[in-house]
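Colleague: Once you've had a glance at the structure underneath, I'll fire off some questions.
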DNA sequence: TCCATTTCTTGCCATTTGCTAAGTGCAAGC
DNA sequence: GCTTGCACTTAGCAAATGGCAAGAAATGGA
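Residue numbers (the numbering used here), protein chains in the order written: chain X, 343 to 535; chain U, 343 to 535.
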């Protein structure tokens, strides 16, 4: 029930003294979210940024034809929020939903903003988090440019096996940019090997 | 030769007084880069972040098979740098090269860092820039997930026609995630319509 | 100007992926 | 037990894309 986990996560993003890490961790509050509940619904401004302590979260949007497209899966120690909505204070196009029961640590925009200007280490911490998110997305973009759907599926299986256990196939398919039919075929081949 | 252009760009990212915008613009220096010259080579730490006043820039990396993959095209008013390398002070995997003669405004890491902690408006400006880059990448990821190569090409033609005029087909192809052969065929169909 | 190189197009065929529809298995609720 | 809905698989065919190779067109240097 202590914030030790959170403090460790903070220090893994940016090494700093325990005292400073505790000061930053103080700004976060805990929340439990039940399976299928939403952390954010499209149309509202994202006012909380979550760090996941336990559970699996999925973000998705509806495209022009009203089809649901998975934009992100998040699991332990990852950040879940719509950065664009959170920092620019604009309505979100994303839906963020718990795929399993979740425990998260979250900070509100107002608290973040206050700490951002008041605490130099928080500034660095915050900026680094955004940069890390950018790096993750950049890596994923590269995989879209270079790799086949099967390779992307293979990578996901090795990197985040727990996601596979909790997300239905159709969610994984849109995350990989293919149809559920194709993913089913890929998975069939994958089992053979 | 004045910094008026730059000041306008700063204010378009984050509305602020002329005085503040000038203060931020003061931190940037001008550079001319000749066609084919590099703003960054892989292996070195990115120590300058550029805003393009004139010209076209391409970023690319070599994948595992040594094939060159275009990660970004940048044109007027866009930002060119390897954010991961710039902010995390790690060696870059990217190469950033001028496709045409360019004029850019750039800020060094040290100057950025100093202003980031000293000037509240600069903090907001800097953070917003990263967020905007993130948003651009997110949008592009969506297009990879939902759209066909032809749709992506079509969007690029309308959004950045000047890139098409200066980048050879093979660069555009890897940017879109397809082969140059396929892009040639897509382009052929495109002309018909 | 001429040559060499690069860029782009095209054809042929293989592979991947999409689309539609049917069928199976499973779990929840009546 | 039965129905219903959902998740997943499978099949057949169509469309998109890739791989390779040849040749045309454009470019850049000497």
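Every residue, glycine too, gets a C-beta built ideally from N, C-alpha and C.
For the region 474-490 of chain X, which residues have a beta carbon sitting closer than 8 Å to at least one beta carbon of chain U?
Modeller: Hits within the stretch, in order: 475, 476, 477, 479, 480, 482, 483, 484, 486, 487 and 488.
Colleague: By the 10 Å Cβ neighbour count, where 16 or more other Cβ atoms means buried, how is residue 406 of chain X classified, buried or exposed?
Modeller: The residue is exposed, with fewer than 16 neighbouring Cβ atoms inside 10 Å.
Colleague: I'd like to know if residue 405 of chain U contacts chain X, where contact means its C-beta is closer than 8 Å to some C-beta of that chain.
Modeller: True, the Cβ-Cβ gap to chain X drops below 8 Å.
Colleague: Can the beta-carbon of residue 437 of chain X be found closer than 8 Å to that of residue 403 of chain X?
Modeller: Cβ atoms of residue 437 of chain X and residue 403 of chain X: closer than 8 Å.
Colleague: Mapping the DSSP letters down to three states, classify residue 471 of chain U as helix, strand or coil.
Modeller: Residue state, collapsed to three classes: helix.
Colleague: How close, in whole Å, do the beta carbons of residue 517 of chain X and residue 412 of chain X come, if the pair is a contact with beta carbons under 8 Å?
Modeller: 4 Å between Cβ atoms; contact.
Colleague: Determine the chain X residues that contact residue 429 of chain U at a beta-carbon separation under 8 Å, and present them in chain order.
Modeller: Within chain X, the residues near residue 429 of chain U are 469, 470 and 473.
Colleague: Beta-carbon of residue 459 of chain U versus every beta-carbon of chain X: anything under 8 Å?
Modeller: At least one chain X Cβ lies under 8 Å of residue 459 of chain U.
Colleague: May I have a chain-ordered list of the beta strand (DSSP E) segments no shorter than 3 residues that lie completely inside the region 364-391 of chain X?
Modeller: The region 364-391 of chain X contains these whole beta strand (DSSP E) runs: 371-375 and 380-382.
Colleague: Please tell me whether residue 315 of chain X has its Cβ less than 8 Å away from any Cβ of chain U.
Modeller: In the structure displayed, chain X extends from 343 to 535; residue 315 of chain X sits before or after that span and is not available.
Colleague: What runs of the alpha helix (DSSP H), each 4 residues or longer, lie entirely inside the region 410-472 of chain U?
Modeller: Here the runs fully enclosed are 425-430 and 451-460.
Colleague: Measuring alpha carbon to alpha carbon, tell me which of U:498, U:380, U:523 and U:431 ends up nearest residue 443 of chain U.
Modeller: Cα-wise, what sits closest to residue 443 of chain U is U:380.
Colleague: Spell out whether any CB of chain X is found under 8 Å from the CB atom of residue 521 of chain U.
Modeller: Judged by the 8 Å Cβ criterion, residue 521 of chain U is not in contact with chain X.
Colleague: Could you tell me the boundaries of the beta strand (DSSP E) in which residue 401 of chain U lies?
Modeller: Residues 399-404.
Colleague: Could you spell out the range, first to last residue, of the alpha helix (DSSP H) harbouring residue 518 of chain X?
Modeller: Its alpha helix (DSSP H) spans residues 511-518.
Colleague: Give, in chain order, every residue of the region 491-521 of chain U whose Cβ lies closer than 7 Å to some Cβ of chain X.
Modeller: Cβ contacts with chain X: 516 and 519.
Colleague: Could you check which residue in U:451, U:477, U:526 and U:382 has the C-alpha nearest to that of residue 439 of chain U?
Modeller: Considering only alpha carbons, the answer is U:382.
Colleague: The alpha helix (DSSP H) with residue 347 of chain U in it runs from where to where?
Modeller: Note, residue 347 of chain U: alpha helix (DSSP H), 346-355.
Colleague: Whose CA, out of U:408, U:372 and U:384, lies closest to the CA of residue 396 of chain U?
Modeller: Out of U:408, U:372 and U:384, U:372 has the C-alpha closest to the C-alpha of residue 396 of chain U.
Colleague: Assign residue 362 of chain U to buried or exposed, taking buried as 16 or more other Cβ atoms, counted over all protein chains shown, within 10 Å of its Cβ.
Modeller: Residue 362 of chain U should be labelled buried.
Colleague: Using the Cα positions of residue 422 of chain U and residue 367 of chain X, report the straight-line distance between them to the nearest angstrom.
Modeller: Near 34 Å, if we compare the C-alpha coordinates of residue 367 of chain X and residue 422 of chain U.
Colleague: Alpha carbon to alpha carbon, how far is residue 359 of chain U from residue 485 of chain X? Give it in angstroms, no decimals.
Modeller: If you take the alpha carbons of residue 485 of chain X and residue 359 of chain U, they lie about 42 Å apart.
Colleague: Could you give the first and the last residue of the continuous alpha helix (DSSP H) run that contains residue 407 of chain X?
Modeller: That residue, residue 407 of chain X, is in no alpha helix (DSSP H); it is neither H nor E in DSSP.
Colleague: Starting from the C-beta of residue 492 of chain U, find all residues in its chain whose C-beta is less than 6 Å away, skip the five residues before and the five after it, and write them out in chain order.
Modeller: Same-chain partners within the cutoff: 528.
Colleague: Where do the ends of the alpha helix (DSSP H) carrying residue 493 of chain X lie?
Modeller: Note, residue 493 of chain X: alpha helix (DSSP H), 491-501.
Colleague: I want to see whether chain U comes within less than 8 Å of residue 465 of chain X, judged by CB atoms only; does it?
Modeller: Interface residue, yes.
Colleague: Comparing C-alpha positions only, which one of U:532, U:523, U:474 and U:470 sits nearest to residue 498 of chain U?
Modeller: The residue with the shortest Cα to Cα distance from residue 498 of chain U is U:532.
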